[in-house]
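Numbering (my numbering), first residue to last: 414 to 635.
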């Protein structure tokens, strides 16, 4: 399939989105102009379309596509001077790292949004993921402790803001998890929290980001 600047797609979990060309492939941009996925190669787009993660909309969106082509035409890397292009690439690489994306020998990973893999499961697949009986019933005390750790972390790093995971802060999950492992049965000197709770939080964060990365690449989870 041929892909082009301004092409309209429906993206699972996001609704109407558009393609925007970049120096490394394609960005998937939502109706508010926010980049949801980048960069995506034409081959990756085709795989995701085949798997139903994206759905190409019909010709009814032609007028909107044309408007977006005109809007995006000046944003292609090819139109930028070499020095500015390098600056933009560096800035976008930094933004990808802050969001949990990483450069690999095979290119840059596509980061799916939280929950997109879970939402993509079929009814039969969901039956194989018993969230209550296979997770909540197993670890009720550990879940309470990790949830409290999330709130304490939010109160510390984002005082006065609603509870949320600010991924722009401290995404070195494996290093932090190792630090808590070295703490053994002790408590973190900075806040008195059990190292085991901090380790569990970091392990969950690491797994969440990794699943998003695998799903963004169209790879199997589990």
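Built from N, CA and C at the ideal position, the CB exists for glycine as well.
Nonlocal neighbours in the same chain, by C-beta distance under 7 Å from residue i, ignoring five residues either side
{"i": "residue 570", "result": "579, 582"}
{"i": "residue 599", "result": "608"}
{"i": "residue 555", "result": "613"}
{"i": "residue 618", "result": "586"}
{"i": "residue 597", "result": "608"}
Straight-line Cα distance separating residue j from residue i
{"i": "residue 629", "j": "residue 543", "result": "23 Å"}
{"i": "residue 640", "j": "residue 458", "result": "This structure cannot settle anything about residue 640, because the visible part of the chain is limited to 414 through 635."}
{"i": "residue 626", "j": "residue 620", "result": "10 Å"}
{"i": "residue 633", "j": "residue 585", "result": "24 Å"}
{"i": "residue 429", "j": "residue 602", "result": "47 Å"}
{"i": "residue 536", "j": "residue 528", "result": "16 Å"}
{"i": "residue 614", "j": "residue 462", "result": "34 Å"}
{"i": "residue 687", "j": "residue 635", "result": "No statement about residue 687 is possible, as the shown extent of the chain runs from 414 to 635 and does not include it."}
{"i": "residue 538", "j": "residue 531", "result": "9 Å"}
{"i": "residue 547", "j": "residue 456", "result": "36 Å"}
Distance cut-off 8 Å: residue i Cβ against heavy atoms of the ligand NAD
{"i": "residue 418", "result": "In terms of ligand content, the structure shown is empty, and the ligand NAD therefore cannot be addressed."}
Helix, strand or coil at residue i according to DSSP, with G and I counted as helix
{"i": "residue 438", "result": "strand"}
{"i": "residue 494", "result": "For residue 494, the pLDDT reaches just 40, beneath the cut-off of 50, and the residue's location in the model is therefore unreliable, leaving the point undetermined."}
{"i": "residue 542", "result": "coil"}
{"i": "residue 620", "result": "helix"}
{"i": "residue 443", "result": "strand"}
{"i": "residue 416", "result": "coil"}
{"i": "residue 547", "result": "helix"}
{"i": "residue 605", "result": "coil"}
{"i": "residue 644", "result": "There is no way to answer for residue 644, as the model of the chain reaches only from 414 to 635."}
Close-in-space but distant-in-sequence residues of the same chain around residue i (CB under 6 Å, 5 per side omitted)
{"i": "residue 510", "result": "Unreliable placement is indicated for residue 510, whose pLDDT of 46 sits below 50; the coordinate value is still reported in the next sentence. Nothing meets the Cβ criterion."}
{"i": "residue 525", "result": "625, 628, 629"}
Proximal residues to residue i (C-beta, below 8 Å), its chain only, five neighbours per side dropped
{"i": "residue 573", "result": "none"}
{"i": "residue 460", "result": "631"}
{"i": "residue 576", "result": "563, 564, 567"}
{"i": "residue 416", "result": "432, 439, 455, 458"}
{"i": "residue 642", "result": "Residue 642 falls outside the range modelled here, since the chain spans only 414 to 635, and no answer is possible."}
Continuous beta strand (DSSP E) stretch holding residue i: start and end
{"i": "residue 422", "result": "421–424"}
Where the alpha helix (DSSP H) through residue i begins and ends
{"i": "residue 577", "result": "Note, residue 577: premise wrong, no alpha helix (DSSP H); not H, not E."}
{"i": "residue 566", "result": "553–570"}
{"i": "residue 531", "result": "529–533"}
{"i": "residue 632", "result": "Here residue 632 belongs to no alpha helix (DSSP H), and DSSP marks it neither H nor E."}
{"i": "residue 592", "result": "586–595"}
Segment contact flag, the region 603–611 with the region 587–595, C-beta cutoff 8 Å, min 3 pairs: Under the three-pair Cβ rule at 8 Å, the region 603–611 counts as touching the region 587–595.
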